[in-house]
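Straight run, no breaks: the sequence shown in full-length UniProt numbering ends on number 615.
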Amino acid sequence: MSSTPEPATPSKKKRSKKKRNASTPQITSEDRQAEATPQLQRDLSEDLEGTLQQPATRAGSRASTNPQQVRNPPQVRNPPQDAMPARNQANQVTIGGVTITTQAAPATDVGGSLVAMKKENRSALDADKKHAFFQLITNHQHTSFDLQPQTMQSVQDLQESYDLGVGLANMQMHFKRYDVLDVFTIVFPSKNAIGEQTGQLETDNLGVTKTMFLFDRYAELTADQVAESCKWYTRWPDATTSPWFRENLSLSYDYLCNHMTPQLWGKVLEDLLPYRDTQGMGGPLVFFFMMKRLQVNSQLVVETIQSQLKTLRIDQYEGESVDDLVSHTKVMLTRLKSLEKRIDGRVVSSNVPHDIGKTLISLFQTSSDPKFNEVFHNKEINAYEQALTQGDAAYGSPDMILDLATSIYQNRMASKEGWTGQFHKVQETAFSAQKTVGPCFNCGGKHSVTACTEPINKERVAQNKRKFFDEKKAQKNPGKKGRSRLGAGVQFEHLPVPSNRKKNRAKVNKKWYYYHFKSKSWKLCDDQSETTNRPHALLSGAPTPAPAPAAPAPAPAPPAAAAPAPAPPVNQVPSGDASALTAATSATNLPQIRQQVSAIATGMNQLIDQVNRAT
Numbered sequence: 001m002s003s004t005p006e007p008a009t010p011s012k013k014k015r016s017k018k019k020r021n022a023s024t025p026q027i028t029s030e031d032r033q034a035e036a037t038p039q040l041q042r043d044l045s046e047d048l049e050g051t052l053q054q055p056a057t058r059a060g061s062r063a064s065t066n067p068q069q070v071r072n073p074p075q076v077r078n079p080p081q082d083a084m085p086a087r088n089q090a091n092q093v094t095i096g097g098v099t100i101t102t103q104a105a106p107a108t109d110v111g112g113s114l115v116a117m118k119k120e121n122r123s124a125l126d127a128d129k130k131h132a133f134f135q136l137i138t139n140h141q142h143t144s145f146d147l148q149p150q151t152m153q154s155v156q157d158l159q160e161s162y163d164l165g166v167g168l169a170n171m172q173m174h175f176k177r178y179d180v181l182d183v184f185t186i187v188f189p190s191k192n193a194i195g196e197q198t199g200q201l202e203t204d205n206l207g208v209t210k211t212m213f214l215f216d217r218y219a220e221l222t223a224d225q226v227a228e229s230c231k232w233y234t235r236w237p238d239a240t241t242s243p244w245f246r247e248n249l250s251l252s253y254d255y256l257c258n259h260m261t262p263q264l265w266g267k268v269l270e271d272l273l274p275y276r277d278t279q280g281m282g283g284p285l286v287f288f289f290m291m292k293r294l295q296v297n298s299q300l301v302v303e304t305i306q307s308q309l310k311t312l313r314i315d316q317y318e319g320e321s322v323d324d325l326v327s328h329t330k331v332m333l334t335r336l337k338s339l340e341k342r343i344d345g346r347v348v349s350s351n352v353p354h355d356i357g358k359t360l361i362s363l364f365q366t367s368s369d370p371k372f373n374e375v376f377h378n379k380e381i382n383a384y385e386q387a388l389t390q391g392d393a394a395y396g397s398p399d400m401i402l403d404l405a406t407s408i409y410q411n412r413m414a415s416k417e418g419w420t421g422q423f424h425k426v427q428e429t430a431f432s433a434q435k436t437v438g439p440c441f442n443c444g445g446k447h448s449v450t451a452c453t454e455p456i457n458k459e460r461v462a463q464n465k466r467k468f469f470d471e472k473k474a475q476k477n478p479g480k481k482g483r484s485r486l487g488a489g490v491q492f493e494h495l496p497v498p499s500n501r502k503k504n505r506a507k508v509n510k511k512w513y514y515y516h517f518k519s520k521s522w523k524l525c526d527d528q529s530e531t532t533n534r535p536h537a538l539l540s541g542a543p544t545p546a547p548a549p550a551a552p553a554p555a556p557a558p559p560a561a562a563a564p565a566p567a568p569p570v571n572q573v574p575s576g577d578a579s580a581l582t583a584a585t586s587a588t589n590l591p592q593i594r595q596q597v598s599a600i601a602t603g604m605n606q607l608i609d610q611v612n613r614a615t
């Protein structure tokens with residue numbers, strides 16, 4: 001029967017169809033469903049390329065309307081593999097022999113390149129690692145902030161302001177590196193009728209959330225605004241999905257605690273007392289009160305800085321350092337910009353003088369280097385002509401002028417001639433190199449107080465002058481002990497001038513003195529012991545004091561001296577009779593002789609004491 005061979009016929013057709021499909025770029029529906037989506041797009045693009053490469057029909061003939069023939073032209077062949085470009089070569093670059101795969105679009109998070117660990121990844125750390133990581137963030141590792149004079153009158157004040165700016169920039173970079181900086185973006189929570197936060201934030205006219213970056217706009221904010229922002233970060237973000245807000249409030253608080261001196265931290269604690277039991281406590285509020293203690297933000301500061309810019313000179317700096325002057329000028333300009341008034345982020349009142357370019361060009365003509373001054377003198381002349389049509393903008397922006405001054409100064413320092421300012425004048429000769437100038441008793445600079453350009457503080461000058469001469473005297477006589485005014489040499493009129501250097505001591509007012517023959521005066525003995533000075537005493541008999549006015553009546557003579565014993569005196573013994581002399585000085589007469597000598601010595605001591613009291 002004819003029905004038996006029919007089942008084999010379709011199988012042959014299917015095999016031949018599969019074989020034909022293998023030699024053509026046709027894609028079956030089963031294969032298209034099995035492949036991934038990128039492969040599907042690639043195959044569709046190949047089909048489209050095959051359609052575009054289809055041979056054109058002959059003129060006058062009708063184009064085929066069969067879509068299967070259009071999509072799968074039998075005349076199309078795949079190009080060789082070596083002729084096709086690699087799929088990923090367009091997204092790869094080679095640097096130093098290393099192949100780097102690039103993205104199709106650039107990254108928009110530029111700040112993320114400085115982050116050591118993103119805040120979202122902290123939750124993956126265990127308790128010990130997280131504690132160590134937090135210690136790394138908050139431990140003391142930078143210069144501590146300290147109280148400083150809030151003046152802008154001297155170069156030293158400008159240097160302290162510059163150091164403060166460097167410390168703030170260092171802290172901001174530290175917070176950015178460890179992803180702690182988000183809580184310093186101050187937000188303004190919406191409140192209900194009773195003053196409680198609703199969880200929503202205030203927006204501007206365009207519907208954008210109002211924010212202010214605390215590091216740049218702290219002068220425009222109040223303590224309550226900063227505290228309300230900290231309170232919002234504590235209350236409203238979901239702690240299960242965004243725990244880092246509370247962490248950053250605490251981490252920034254600990255960092256600032258560890259980077260303040262005890263004096264400054266005590267002042268900040270006084271300001272924090274009204275907020276100690278609220279959720280507004282955090283690093284941003286501590287930062288706000290710290291800046292309130294370190295800087296005065298008033299119009300008087302603006303006027304002082306503007307005046308300082310006009311009176312500043314290069315020769316006020318040690319060695320006429322242009323680098324220091326440029327740094328201080330940038331600090332003053334930054335301070336002026338921080339005090340500007342803004343509405344919706346736009347500056348409505350600028351504190352930077354409109355002629356700041358002209359002021360800076362004049363400033364950089366005050367050095368002792370003629371070539372340095374000449375550059376800015378020529379620039380001023382050229383800008384003056386252009387200012388007739390361009391206005392103050394013809395003098396250039398402050399950044400351009402400051403960069404130009406730094407570049408010229410560095411080139412002058414590296415040149416063969418060198419910088420011819422005060423820096424090299426001090427070292428012109430060996431004599432001048434050894435000669436020291438200053439210090440100034442007023443500001444401490446390397447100049448005399450008469451040449452000081454700062455306001456004279458008489459109390460400071462007197463104190464520094466006294467300290468300077470005391471140190472100079474100590475260096476001149478090292479190790480020499482000073483004596484009292486009395487030990488420098490005194491005169492006792494009742495004491496005679498000793499004729500023997502071995503008998504040149506006397507006791508006056510219970511103190512031993514020795515006679516200094518060169519200065520012809522009596523000086524206090526270092527050793528006041530009786531055993532040392534008594535053998536060298538000047539007076540062995542009655543003294544011969546100088547006549548003293550209104551001397552007191554002498555004391556009555558002792559009874560022993562008034563009534564001597566009836567023993568025969570020595571002068572009554574015949575000089576030629578030795579036996580009589582022996583009898584007069586026998587053992588029986590010695591007690592009486594000792595008694596007489598003792599009475600005479602007692603009377604002498606009483607007389608000496610009376611003379612001393614009289615003088």
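The beta carbon of each residue, even a glycine, is placed where N, CA and C say it ideally should be.
Counting C-beta pairs with one atom in each stretch, the segment 196 to 211 and the segment 349 to 360 have fewer than three that are closer than 8 Å, which means they do not touch. The Cβ atoms of Thr-209 and Glu-202 sit closer than 9 Å to each other. Annotation: the continuous beta strand (DSSP E) that includes Thr-185 extends over 185 to 187. According to the DSSP secondary-structure assignment, Lys-341 is paired through a beta bridge with Ser-349.
Val-155 places its beta carbon less than 9 Å from that of His-328. Around the beta-carbon of Phe-213, fewer than 16 other beta-carbon atoms lie within 10 Å, marking it exposed.
DSSP places Gly-445 outside both helix and strand once states are collapsed to three, so it counts as coil. In this structure, Val-115 lies away from Tyr-162, with their beta-carbon atoms at least 9 Å apart. Here Lys-119 is near Trp-244, since their CB atoms are less than 9 Å apart. Counting the other Cβ atoms within 10 Å of the Cβ of His-447 gives 16 or more, which makes it buried.
When the five nearest sequence neighbours on each side are left out, the beta carbons in the same chain lying within less than 7 Å of the beta carbon of Thr-101 are those of Asn-91 and Gln-92, in order along the chain. Rounded to the nearest whole angstrom, the CA to CA distance from Ile-381 to Gln-172 is 41 Å. In the DSSP assignment, His-131 falls within the alpha helix (DSSP H) that extends over 127 to 138.
Look at the beta carbons and you see the segment 132 to 146 touching the segment 255 to 265: at least three pairs across the two are nearer than 8 Å. Taking C-beta atoms as the reference points, Asp-315 and Ser-368 count as a pair closer than 9 Å. In the structure shown, the three-state DSSP call for Ile-593 is helix. The alpha-carbon separation between Asn-605 and Leu-538 amounts to approximately 13 Å. Judged by their CB atoms, Val-226 and Phe-288 are nearer to each other than the 9 Å cut-off. The residues Thr-198, in chain order, have a CB closer than 7 Å to that of Asn-192 in the same chain once the five nearest residues on each side in sequence are set aside.
Counted as a single uninterrupted DSSP element, the beta strand (DSSP E) harbouring Val-98 occupies residues 98 to 101. Sixteen is the threshold: when 16 or more other Cβ atoms of the shown chains lie within 10 Å of the Cβ of Gly-396, as they do, the residue is buried. For Met-212, the three-state secondary structure derived from DSSP is strand. Here DSSP, grouped into helix, strand and coil, assigns Trp-419 to coil. Taken through DSSP and simplified to helix, strand or coil, His-142 comes out as coil. Residue pairing by DSSP puts His-516 in a beta bridge opposite Ser-521. In this structure, Tyr-515 is the residue among Thr-222, Ser-521, Lys-520 and Tyr-515 with its C-alpha nearest to the C-alpha of His-536. Between the segment 329 to 341 and the segment 277 to 293 there are fewer than three inter-stretch CB-CB distances shorter than 8 Å, so the stretches are not counted as touching. Looking at Gly-207, Thr-311, Leu-181 and Leu-402, the one whose alpha-carbon comes closest to that of Cys-230 is Leu-181.
Each of Leu-158, Ala-124 and His-174 was checked against the Cα of Thr-143, and the nearest Cα belongs to His-174.
Linking Gly-421 to Ser-521 through their CA atoms gives a straight-line distance of about 57 Å. DSSP places Gly-357 inside the alpha helix (DSSP H), whose first and last residues are 356 to 363.
Contact annotation: the segment 490 to 503 does not touch the segment 462 to 470, with fewer than three C-beta pairs closer than 8 Å.
Taking Arg-342 as the centre and dropping the five residues before and after it, the same chain places the C-beta of Glu-220 and Val-348 closer than 7 Å to its C-beta, in chain order.
Annotation note: the segment 207 to 271 contains the following uninterrupted beta strand (DSSP E) runs of length 3 or greater, listed N- to C-terminal: 211 to 213.
Taking 9 Å as the cut-off, the beta carbon of Tyr-409 is found closer than this to the beta carbon of Phe-372.
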